[in-house]
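Structure first, then comments.
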Amino acid sequence: MYFKVEHAREEVNRLNIEVKRMITYLQDEDSYLCKCENQLQPIHPTLAHQVGVHCNIHARFTEHHFCCLLTISKLLGFTWSLSPGASGSAPVVCIPAHLLSSSGSCCYGQCGRWHSRSG
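Going by our numbering, the first residue of the sequence shown is number 1185, and it counts up by one from there.
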């Protein structure tokens, strides 16, 4: 019985970490989609619209997940906060060549300018 209780405590600790990771993922994904939509808007409004539609769908599920995580945070043994961790990425939008009116594909680089890519 002792080892089962110890294993359960270890599992609670692992789940506390997973909850934080889930919150960070949900926030990062929402931010990523919004930034991609904003980068695409001046160059390819139709594609930006589709990213916006996907962002809206994702937002509905995000709200549901946050409600579930809030319920989990009220359980006995939950010791972490519901604040997200640090984000580690920034979006760089690349549009495939067949979606562009000109030849070649372009990428919206870190500098904020479009760069032609050959190949």
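All C-beta atoms in this analysis are idealised placements derived from N, C-alpha and C, irrespective of residue type, glycine included. Owing to the predicted nature of the structure, the values given are computational and were not obtained by experimental measurement.
Using 10 angstroms around the beta-carbon of residue i, count the other beta-carbons present and answer buried if the total reaches 16, otherwise exposed.
i	result
residue 1282	exposed
residue 1217	buried
residue 1235	buried
residue 1301	At residue 1301, the pLDDT of 42 sits below 50, so the modelled position is not reliable and the matter cannot be decided from this model.
Are residue i and residue j closer than 7 Å when you measure CB to CB?
i	j	result
residue 1223	residue 1277	yes
residue 1220	residue 1280	no
residue 1264	residue 1200	yes
residue 1266	residue 1257	yes
residue 1214	residue 1246	yes
Quiz item: Are three or more beta carbon pairs between the region 1249-1265 and the region 1194-1210 nearer than 8 Å?
Solution: yes
Quiz item: If you pair each beta-carbon of the region 1199-1208 with each one of the region 1225-1233, do three or more pairs fall below 8 Å?
Solution: no
Quiz prompt | 4 or more residues per run - each alpha helix (DSSP H) lying fully within the region 1197-1283 | solution = 1229-1257
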